[in-house]
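Structure record follows, encoded as structure tokens.
Number of protein chains: 2
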Amino acid sequence: MAALLEHTQETIAMRVVDALRDDIITMSLKPGDVISESDIAARYGVSRQPVREAFIRLAQQGLLLIRPKRATVVKKISPDGVRQSRFIRESIEVEIIRRVAGQPTDDAADVLTTLIADQEAASAANDSRRFHTLDELFHRTLARLAGVEYAWQLIDDHKMQLDRVRYLTLGVSSTQRAIAEHKEIAQAVAKADPAAAELAMRAHLARAELLLNQTINDFPDFFE
Amino acid sequence: MAALLEHTQETIAMRVVDALRDDIITMSLKPGDVISESDIAARYGVSRQPVREAFIRLAQQGLLLIRPKRATVVKKISPDGVRQSRFIRESIEVEIIRRVAGQPTDDAADVLTTLIADQEAASAANDSRRFHTLDELFHRTLARLAGVEYAWQLIDDHKMQLDRVRYLTLGVSSTQRAIAEHKEIAQAVAKADPAAAELAMRAHLARAELLLNQTINDFPDFFE
DNA sequence: GCCTGACAGCTTCCATACAAGGCGGGCAAT
DNA sequence: ATTGCCCGCCTTGTATGGAAGCTGTCAGGC
Numbered sequence: 011m012a013a014l015l016e017h018t019q020e021t022i023a024m025r026v027v028d029a030l031r032d033d034i035i036t037m038s039l040k041p042g043d044v045i046s047e048s049d050i051a052a053r054y055g056v057s058r059q060p061v062r063e064a065f066i067r068l069a070q071q072g073l074l075l076i077r078p079k080r081a082t083v084v085k086k087i088s089p090d091g092v093r094q095s096r097f098i099r100e101s102i103e104v105e106i107i108r109r110v111a112g113q114p115t116d117d118a119a120d121v122l123t124t125l126i127a128d129q130e131a132a133s134a135a136n137d138s139r140r141f142h143t144l145d146e147l148f149h150r151t152l153a154r155l156a157g158v159e160y161a162w163q164l165i166d167d168h169k170m171q172l173d174r175v176r177y178l179t180l181g182v183s184s185t186q187r188a189i190a191e192h193k194e195i196a197q198a199v200a201k202a203d204p205a206a207a208e209l210a211m212r213a214h215l216a217r218a219e220l221l222l223n224q225t226i227n228d229f230p231d232f233f234e
Numbered sequence: 011m012a013a014l015l016e017h018t019q020e021t022i023a024m025r026v027v028d029a030l031r032d033d034i035i036t037m038s039l040k041p042g043d044v045i046s047e048s049d050i051a052a053r054y055g056v057s058r059q060p061v062r063e064a065f066i067r068l069a070q071q072g073l074l075l076i077r078p079k080r081a082t083v084v085k086k087i088s089p090d091g092v093r094q095s096r097f098i099r100e101s102i103e104v105e106i107i108r109r110v111a112g113q114p115t116d117d118a119a120d121v122l123t124t125l126i127a128d129q130e131a132a133s134a135a136n137d138s139r140r141f142h143t144l145d146e147l148f149h150r151t152l153a154r155l156a157g158v159e160y161a162w163q164l165i166d167d168h169k170m171q172l173d174r175v176r177y178l179t180l181g182v183s184s185t186q187r188a189i190a191e192h193k194e195i196a197q198a199v200a201k202a203d204p205a206a207a208e209l210a211m212r213a214h215l216a217r218a219e220l221l222l223n224q225t226i227n228d229f230p231d232f233f234e
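For the protein sequence lines, the chains are A and B, in the order given.
Using our numbering, the first residue of the first sequence is number 11, and each one after it goes up by one.
Using our numbering, the first residue of the second sequence is number 11, and each one after it goes up by one.
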């Protein structure tokens with residue numbers, strides 16, 4: 011059964027964008043790899059035009075670097091860029107958690123605890139991919155509760171750099187510890203304690219810094 | 011004499027992007043206006059292809075809305091979008107000012123007072139366009155002092171919506187008041203008082219809210 | 001042996017042609 | 001008079017060919 015009100019049709023260009031982005035984030039296309047419109051077009055059996063448009067989109071998202079008349083390369087990860095992306099994310103998420111904890115709605119705490127329960131299930135099942143999804147959902151839900159879901163979309167865009175790092179260390183991160191930190195955040199929200207919520211959120215996000223430094227050592231070629 | 015080390019060449023697509031963005035921000039192209047690739051191509055005497063790529067870029071920046079197989083329209087200004095852009099900006103700028111005031115460098119205060127002096131000169135000369143430039147420079151300088159200039163670039167991208175609003179009310183805003191607020195911020199930095207700096211910055215940014223509501227009343231057709 | 005310059009092969013960029021689909025006006029049937 | 005259909009005209013999407021430019025190679029001169 012096709013969707014009835016589906017009037018945003020899939021164009022070939024969009025499919026190529028999604029496919030390439032997935033390849034890049036999952037490190038199937040590695041930082042520094044050189045690709046060309048013709049290559050990708052041949053690989054997907056389409057013409058060069060949609061591929062070209064996909065390149066433009068991904069270049070604007072900071073995943074590709076188009077060198078006019080020369081070639082297009084998968085952008086290496088900029089440690090300073092990742093650091094500043096983290097700064098942006100922390101700025102926004104701290105402001106979000108302050109709002110949520112400062113003016114908690116009735117069901118806020120319930121929604122969060124439900125999500126945490128799901129995360130525990132995923133962790134118990136050792137399903138790290140599903141846990142990652144639920145982790146994102148946790149943070150996006152906080153943005154929704156603060157009434158700034160669009161802000162999360164922004165974070166999402168500029169967090170792909172960090173996602174590449176994360177993928178390199180998949181399985182390393184301790185889901186148990188993340189869950190404990192989520193609980194701490196949720197409790198601060200339940201108690202309507204913005205200061206405690208802010209501290210818990212900052213501690214939660216700070217862990218990514220270690221991950222970055224470790225990854226730079228393990229995969230120096232992927233960084234600039 | 012051509013630039014010697016110019017190896018980032020201007021492509022036609024880039025020129026079209028710049029021209030269109032300027033037209034949109036200065037309201038030469040009004041929210042809701044319908045444009046087509048062929049129109050713009052004919053207007054600039056180029057083919058559809060570069061124009062199409064420009065549309066894609068501007069659509070990703072939220073200035074255009076491409077409706078497949080129908081037409082492309084200049085996006086109307088979303089009040090909620092502007093509100094959330096402001097939220098993002100406030101989150102980041104508050105974090106920036108905290109850092110700058112928390113770990114002030116020796117010359118930070120000097121640089122800021124110099125900038126404020128320039129602003130007073132521009133204000134005295136009634137040069138509102140120059141004042142606007144100096145206003146942006148003030149905030150970008152704070153980002154630089156905090157070591158997160160890239161973050162300001164992000165704000166810059168997502169603040170075009172607000173710039174359109176600002177252009178509608180050009181000359182209305184009181185430069186004197188803005189300068190006074192800048193002074194307050196600079197003083198808090200000089201005293202290394204993060205809390206006071208945060209309050210001053212929040213107050214400074216809050217003024218934009220009034221501007222928005224007033225503008226919605228004056229130009230309801232430009233908003234969705 | 002070393003330097004220089006032409007050149008072949010690659011890239012992205014632009015122009016053009018065609019395909020697919022939405023929209024509205026005119027027309028016919030009820 | 002109203003409703004429903006059909007057909008041009010418009011739009012964006014895709015394909016393809018050629019133009020401009022960068023890079024590395026290789027032959028020729030010193």
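The beta carbon of each residue, even a glycine, is placed where N, CA and C say it ideally should be.
Identity of the residues DSSP links to residue i by a beta bridge
i, result
"Ile45 of chain B", "B:Thr82"
"Phe233 of chain A", "A:Ile87"
"Leu75 of chain B", "B:Val83"
Which listed residue (the options) has its alpha carbon closest to that of residue i
i, options, result
"Leu178 of chain B", "B:Leu221, B:Val84, B:Gln59", "B:Leu221"
"Ala51 of chain A", "A:Val26, A:Asp120, A:Ala111", "A:Val26"
"Ala190 of chain B", "B:Ser101, B:Glu130, B:Ser95", "B:Glu130"
"Trp162 of chain A", "B:Glu234, B:Gly91, B:Ile22, B:Leu30", "B:Gly91"
"Val44 of chain A", "A:Asp166, A:Arg77, A:Gln113", "A:Arg77"
"Met37 of chain B", "B:Lys86, B:Thr21, B:Lys79, B:Leu75", "B:Lys86"
"Ser115 of chain B", "B:Lys79, B:Gly157, B:Glu146", "The amino acid at residue 115 of chain B is misidentified as Ser; the sequence shows Thr. Ranking B:Lys79, B:Gly157, B:Glu146 by Cα distance to Thr115 of chain B puts B:Gly157 first."
"His149 of chain A", "A:Ala188, A:Lys79, A:Asn227", "A:Ala188"
"Ser184 of chain A", "A:Arg93, A:Ala29, A:Arg217, A:Ala213", "A:Arg217"
"Asn223 of chain A", "A:Arg93, A:His142, A:Leu209, A:Ala29", "A:Arg93"
Test item: CB-CB of residue i and residue j under 8 Å
i, j, result
"Ser46 of chain B", "Ala81 of chain B", "yes"
"Lys193 of chain B", "Ile126 of chain B", "yes"
"Leu73 of chain B", "Val61 of chain B", "no"
"Val42 of chain A", "Asp231 of chain A", "It should be pointed out that residue 42 of chain A corresponds to Gly in this sequence rather than to Val. Cβ atoms of Gly42 of chain A and Asp231 of chain A: closer than 8 Å."
"Asp88 of chain B", "Glu219 of chain B", "Just to set this straight, residue 88 of chain B is Ser in the shown sequence, not Asp. Result no, Cβ atoms of Ser88 of chain B and Glu219 of chain B do not sit closer than 8 Å."
"Ala111 of chain A", "Glu63 of chain A", "no"
"Thr225 of chain A", "Val175 of chain A", "yes"
"Ala132 of chain B", "Arg140 of chain B", "yes"
"Leu144 of chain A", "Asp166 of chain A", "no"
"Arg67 of chain A", "Ile66 of chain B", "yes"
"Leu180 of chain B", "Ser138 of chain B", "yes"
Cβ-based neighbour list, residue i, same chain, cut-off 7 Å, excluding 5 preceding and 5 following
i, result
"Met170 of chain B", "Ile35, Gln71, Leu73"
"Met211 of chain B", "Glu103, Val104, Ile107, Ile195"
"Asp33 of chain B", "Leu39"
"Leu213 of chain B", "Residue identity differs from the one stated: residue 213 of chain B is Ala in this sequence, not Leu. Contacts found: Glu191."
"Phe229 of chain B", "Leu178"
8 Å CB neighbourhood of residue i in its chain, flanking five on each side removed
i, result
"Gln19 of chain B", "none"
"Ser95 of chain B", "His168, Lys169, Gln171, Leu172"
"Arg58 of chain A", "Glu47, Ser48, Ala51"
"Ser154 of chain B", "The displayed chain sequence assigns Arg, not Ser, to residue 154 of chain B. Taken in chain order, the residues that qualify are Trp162."
"Thr151 of chain A", "Val121, Leu122, Leu125"
"Gln186 of chain A", "Ser133"
"Met11 of chain B", "Caution applies to Met11 of chain B, whose pLDDT of 39 falls short of 50 and renders its modelled position unreliable; the value that the coordinates give is listed next. Once the five neighbours on either side are set aside, Met11 of chain B has no close Cβ partner at all."
Beta-carbon proximity list for residue i, same chain, < 6 Å, skipping 5 on both sides
i, result
"Ala13 of chain A", "Unreliable positioning characterises Ala13 of chain A in this predicted model, as indicated by a pLDDT of 40, which lies under 50. The coordinate reading is nonetheless provided below. Excluding positions up to five away in sequence, the list is empty."
"Leu215 of chain A", "Glu100"
"Thr21 of chain A", "none"
"Asn136 of chain A", "none"
Quiz prompt | Three-pair Cβ contact test at 8 Å for the region 197 to 204 of chain A versus the region 105 to 117 of chain A | solution = At 8 Å Cβ cutoff, the stretches touch.
Self-check item: Segment contact flag, the region 202 to 218 of chain A with the region 116 to 123 of chain A, C-beta cutoff 8 Å, min 3 pairs
Solution: No contact exists between the region 202 to 218 of chain A and the region 116 to 123 of chain A.
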